[in-house]
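Which chain is which? The protein sequence lines are R and H, in order. Here the first sequence is numbered in my numbering, starting from 81 and rising by one per residue. Here the second sequence is numbered in my numbering, starting from 3 and rising by one per residue.
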Amino acid sequence: QQQVKQSPQSLIVQKGGISIINCAYENTAFDYFPWYQQFPGKGPALLIAIRPDVSEKKEGRFTISFNKSAKQFSLHIMDSQPGDSATYFCAATPGDSSYKLIFGSGTRLLVRP
Amino acid sequence: GAGVSQSPSNKVTEKGKDVELRCDPISGHTALYWYRQSLGQGLEFLIYFQGNSAPDKSGLPSDRFSAERTGGSVSTLTIQRTQQEDSAVYLCASSPANSPLHFGNGTRLTVT
């Protein structure tokens with residue numbers, strides 16, 4: 081079964097620290113790996129995404145690192161802020177059905193002031 | 003501009019009743035998706051529309067679930083004879099073709 085495994089389930093970081101969330105997948109047909117951010121009572125919003133032809137993508141304080149051989153990818157939030165406190169989901173989609181995102185189980189991030 | 007709109011935002015229903023959940027996608031978005039988010043779980047794909055057609059219904063959990071889309075716009079997800087395990091947040095998303103999904107804020111369904 082197609083699956084994306086996400087860890088940790090929850091994460092507490094001090095303001096200014098680095099938050100790291102990890103995901104692993106099995107299906108080598110996956111070719112698009114987005115991260116979504118969700119605040120309570122809101123729908124998920126696309127944060128950043130990567131394709132397997134690059135090993136890293138950076139947008140502001142957010143960086144995706146991608147290891148194709150290990151079938152792993154991670155989200156790094158630099159200089160974490162209390163406003164980053166949210167639930168983060170990694171996802172993946174296979175090339176033959178790019179609309180069908182397979183989501184990880186989510187990581188609840190709390191950034192302490 | 004307006005985002006994806008879902009109604010109602012909350013719905014409480016008795017076991018065995020039918021419910022209809024509505025999604026108004028972003029204007030011009032040809033693709034529409036329904037996902038389900040259960041407590042403490044990730045998001046589970048239900049169905050995908052391209053225009054008014056649903057080429058992939060593989061995520062619908064049972065034949066009690068159905069969805070339609072009319073005029074290439076509004077979509078309705080119907081759950082018949084609701085069960086307690088149907089309690090979840092139902093999320094709708096839309097997108098232009100082959101573009102990132104834009105999610106609504108969801109309908110929280112509670113079956114008592």
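Note that beta-carbon positions come from the ideal geometry of N, C-alpha and C, so glycine has one too.
**Report entry** Identity of the residues DSSP links to THR108 (chain R) by a beta bridge
**Finding:** Answer by DSSP bridge pairing: none, since THR108 (chain R) is not bridged.
Query raised in the report: Got a sec? Which residues, its chain only, sit under 8 Å from GLY108 (chain H) by beta carbon, not counting five neighbours each side?
Result: Around GLY108 (chain H), the same chain offers GLN8, SER11, GLN39, VAL91, TYR92, LEU93, CYS94 as residues with beta carbons nearer than 8 Å, after the five sequence neighbours per side are excluded.
Query raised in the report: Do LEU111 (chain H) and THR78 (chain H) have their C-beta atoms closer together than 9 Å?
Result: It is not a contact, given that the beta carbons lie outside the stated cut-off.
Requested in this report: Determine contact between the stretch 134-143 of chain R and the stretch 156-163 of chain R, defined as no fewer than three beta-carbon pairs at a distance below 8 Å.
Outcome: Touching, per the Cβ criterion.
Report task. Would you kindly check if the distance between the Cβ of PHE146 (chain R) and the Cβ of PHE169 (chain R) is under 9 Å? Result -> Note that the C-beta distance between PHE169 (chain R) and PHE146 (chain R) is not below 9 Å.
Report task. Tell me, please, whether the stretch 185-192 of chain R touches the stretch 51-63 of chain H by the rule of three or more beta-carbon pairs shorter than 8 Å. Result -> Look at the beta carbons and you see the stretch 185-192 of chain R not touching the stretch 51-63 of chain H: under three pairs across the two are nearer than 8 Å.
Query - Pairwise C-alpha distance: ALA171 (chain R) and ALA150 (chain R) - result: When rounded, the distance between both Cα atoms is 16 Å.
Requested in this report: Measure from the C-beta of SER9 (chain H) to each C-beta in chain R and report whether the shortest distance is under 9 Å.
Outcome: Not closer than 9 Å to any Cβ of chain R, the Cβ of SER9 (chain H) fails to qualify, so no.
Query raised in the report: From this set, H:GLN52, H:GLU70, H:GLY53, H:ILE28, which residue's C-alpha is nearest THR80 (chain H)'s C-alpha?
Result: The shortest CA-to-CA distance from THR80 (chain H) to any of H:GLN52, H:GLU70, H:GLY53, H:ILE28 is the one to H:GLU70.
Report task. Buried or exposed for ILE101 (chain R), please, with buried defined as at least 16 other CB atoms from any protein chain shown within 10 angstroms of its CB. Result -> Of the other Cβ atoms in all chains shown, 16 or more fall within 10 Å of the Cβ of ILE101 (chain R); this residue is therefore buried.
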